[in-house]
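**Student:** The structure follows.
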Amino acid sequence: MPGSCQILYEDNHLLGIVKPVNIPVQEDATGDADLLTLLKEDVKRRYDKPGNVYMGLVHRLDRPVGGAMVFAKTSKAASRLSESVRSRSFRKVYLTVVHGRLPAQNGRLRNILLKNAKTNTVTVVREGTPGGKEAILDYTVLGFTEGFSLVKVDLLTGRSHQIRVQLAHAGCPLYGDQKYGASVNKPGQQIALWSSLVGFPHPVTKQEVELISLPPRQYPWDLWSEELQERALR
């Protein structure tokens with residue numbers, strides 16, 4: 311698999327994998343190898359398929375973020391998964407390490423976000439701002455140590471850079487995030503944001519599918535036990 315990319319789930323309709331960090335999901339201006347192309351090539355090779363391989367992108371992760379992702383292997387599966395995303399029956403749960411403490415152990419953050427396509431940055435704006443989009447997430451603080459909090463995030467909307475912007479706006483920028491937490495992070499640090507659970511009704515069988523991936527056992531993730539992180543996803 312590309313970049314030691316682990317397969318979490320595969321059938322005729324779906325491919326669930328662990329996205330490696332620092333690989334773009336799809337082709338971007340850098341021209342670097344992208345996950346979508348690598349997965350198509352891998353499926354073509356593994357199944358000895360002639361011609362072009364279909365691989366549908368139904369959700370995205372920022373380039374520096376790793377973890378569970380699902381791709382559609384047919385256009386029908388892609389259409390049904392996209393509908394699950396729209397109807398919010400597609401569940402996205404992240405683990406992240408942030409600086410400081412959030413105001414409560416459990417809470418909901420709701421903001422209006424505005425993206426600047428030229429600078430590829432997102433800011434929190436006032437309600438009614440033209441182009442602003444509602445962003446909602448629920449969070450649970452799982453632990454606090456050495457000035458950092460381990461936080462579980464249930465993403466209820468899928469806005470660009472949403473978790474990074476909303477938590478930074480709440481006073482708790484993500485560990486390693488140079489874009490929204492440059493004042494408290496050092497260049498070269500890997501952002502501590504991981505797609506830990508993706509859940510959805512199977513596009514054909516309708517049975518619930520859950521893809522689970524835990525962050526790597528390295529700093530700052532290893533400040534907390536793997537058991538605690540795993541338990542939080544159940």
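If you're matching positions, the sequence shown starts at 311 in our numbering and goes up one per residue. Virtual Cβ for every residue (Gly too), placed ideally from N, Cα, C.
Could you give the residue range of the beta strand (DSSP E) that holds H409?
**Tutor:** Residue 409 sits at position 99 when you count from the first residue of the sequence shown. From DSSP, the beta strand (DSSP E) with H409 extends over R401 to H409.
**Student:** I'd like the span of the alpha helix (DSSP H) that includes A542, first residue to last.
**Tutor:** In the sequence shown, counting from the first residue as 1, residue 542 sits at position 232. Here the alpha helix (DSSP H) through A542 covers E536 to A542.
**Student:** Which residue wins for smallest C-alpha separation from E337, given the options L349, G326 and V328?
**Tutor:** In the sequence shown, the residue the question calls residue 337 occupies position 27. Per the Cα distances, L349.
**Student:** Expressed to the nearest angstrom, what Euclidean distance is found between the alpha-carbon atoms of G376 and N332?
**Tutor:** Locating residue 376 in the sequence shown gives position 66, counting from the first residue. Locating residue 332 in the sequence shown gives position 22, counting from the first residue. In a straight line, the C-alpha of G376 is about 8 Å away from that of N332.
**Student:** Grouping DSSP H, G and I as helix and E and B as strand, with all else coil, what is M311?
**Tutor:** In the sequence shown, the residue the question calls residue 311 occupies position 1. Bear in mind that a pLDDT of 44 at M311, under 50, signals an unreliable position, so the number given afterwards is only what the model happens to contain. In this structure, M311 counts as coil in the three-state DSSP scheme.
**Student:** Of the choices T515, V461 and R373, whose alpha-carbon is the least far from that of G341?
**Tutor:** As a first step, residue 341 is located in the sequence shown; it is residue number 31 there, counting from the start. G341 has its Cα closest to that of R373, out of T515, V461 and R373.
**Student:** If we call anything under 9 Å between Cβ atoms a contact, is L324 one with H471?
**Tutor:** Stepping through the sequence shown from its first residue, residue 324 is reached at position 14. Stepping through the sequence shown from its first residue, residue 471 is reached at position 161. No, they are not a contact pair.
**Student:** Would you mind working out which of L345, V408 and I473 sits nearest T455, comparing C-alpha positions?
**Tutor:** Position 145 of the sequence shown, counting from 1, holds the residue named residue 455. Among L345, V408 and I473, the Cα nearest to that of T455 is on V408.
**Student:** Should the stretch 415-422 be regarded as contacting the stretch 448-462, the criterion being three or more beta carbon pairs within less than 8 Å?
**Tutor:** Contact holds: three or more Cβ-Cβ distances are below 8 Å.
**Student:** Do you know how far the Cα of R355 is from the Cα of G441?
**Tutor:** Taking the sequence shown and counting its residues from 1, one reaches residue 441 at position 131. Taking the sequence shown and counting its residues from 1, one reaches residue 355 at position 45. So the two alpha carbons sit approximately 43 Å from each other.
**Student:** I believe R370 touches V508 by the beta-carbon criterion, under 8 Å. Please report the beta-carbon distance rounded to the nearest angstrom.
**Tutor:** Against the sequence shown, residue 370 aligns to sequence position 60. Against the sequence shown, residue 508 aligns to sequence position 198. About 12 Å; that fails the 8 Å criterion.
**Student:** Distance, Cα to Cα, Y485 vs D358?
**Tutor:** As a first step, residue 485 is located in the sequence shown; it is residue number 175 there, counting from the start. As a first step, residue 358 is located in the sequence shown; it is residue number 48 there, counting from the start. Spanning the two alpha carbons is a distance of roughly 42 Å.
**Student:** Is any heavy atom in the ligand MN found nearer than 8 Å to the beta carbon of V380?
**Tutor:** This structure simply doesn't include the ligand MN, nor any ligand for that matter.
**Student:** State yes or no: is the C-beta of F510 within less than 9 Å of the C-beta of S399?
**Tutor:** Sequence index remark: in the sequence shown, residue 510 carries index 200 (1-based). Sequence index remark: in the sequence shown, residue 399 carries index 89 (1-based). Going by C-beta atoms, F510 is nearer than 9 Å to S399.
**Student:** Determine the contact status of D344 and P334, defining contact as a CB-CB distance below 9 Å.
**Tutor:** Counting from one through the sequence shown, the residue named residue 344 turns up at place 34. Counting from one through the sequence shown, the residue named residue 334 turns up at place 24. It is a contact, given that the beta carbons lie within the stated cut-off.
**Student:** With a cut-off of 8 Å on the beta carbons, I'd call V494 and V434 a contact; round off their distance for me.
**Tutor:** Taking the sequence shown and counting its residues from 1, the one referred to as residue 494 is at position 184. Taking the sequence shown and counting its residues from 1, the one referred to as residue 434 is at position 124. In fact, because the Cβ distance is near 18 Å, the residues do not count as touching under 8 Å.
**Student:** Expressed to the nearest angstrom, what Euclidean distance is found between the alpha-carbon atoms of L543 and S506?
**Tutor:** Position 233 of the sequence shown, counted from the first residue, corresponds to residue 543. Position 196 of the sequence shown, counted from the first residue, corresponds to residue 506. One C-alpha to the other measures close to 8 Å.
**Student:** Below 8 Å on the Cβ atoms is my contact criterion, and I expect V328 with T406 to pass it. Report the Cβ-Cβ distance as a whole number of Å.
**Tutor:** For the purposes of this step, residue 328 is taken as residue 18 along the sequence shown, with counting starting at 1. For the purposes of this step, residue 406 is taken as residue 96 along the sequence shown, with counting starting at 1. At roughly 17 Å, the Cβ-Cβ gap does not stay under 8 Å, so V328 and T406 are not in contact.
**Student:** Roughly how many angstroms lie between the CA atoms of G326 and V463, to the nearest whole one?
**Tutor:** In the sequence shown, residue 326 corresponds to position 16, counting from 1. In the sequence shown, residue 463 corresponds to position 153, counting from 1. Spanning the two alpha carbons is a distance of roughly 20 Å.
**Student:** Would a C-beta distance cut-off of 9 Å place M379 and L521 closer than the cut-off?
**Tutor:** Numbered from its first residue, the sequence shown carries residue 379 at position 69. Numbered from its first residue, the sequence shown carries residue 521 at position 211. A contact, by the Cβ cut-off of 9 Å.
**Student:** DSSP has S459 in a bridge; who is on the other side?
**Tutor:** Taking the sequence shown and counting its residues from 1, the one referred to as residue 459 is at position 149. DSSP output for S459 lists V408 and F454 as bridge partner(s).
**Student:** State buried or exposed for I317, treating a residue as buried only when at least 16 other CB atoms are found within 10 Å of its CB.
**Tutor:** Working through the sequence shown from its first residue, we reach residue 317 at position 7. Classification for I317: exposed.
**Student:** Since Y404 and W531 are thought to touch, with beta carbons under 8 Å apart, how far apart are those beta carbons, to the nearest angstrom?
**Tutor:** Your numbering for residue 404 matches position 94 in the sequence shown. Your numbering for residue 531 matches position 221 in the sequence shown. So it is not a contact: roughly 13 Å between Cβ atoms.
**Student:** On the CB-based measure, 16 or more other CB atoms within 10 Å of its CB, does Q539 come out buried or exposed?
**Tutor:** Counting from 1 along the sequence shown, the entry for residue 539 is found at position 229. Flag for Q539 reads buried.
**Student:** Answer with yes or no whether the minimum CB distance from R469 to chain B is below 9 Å.
**Tutor:** The question asks about chain B, but that chain is absent: this structure has only one protein chain.
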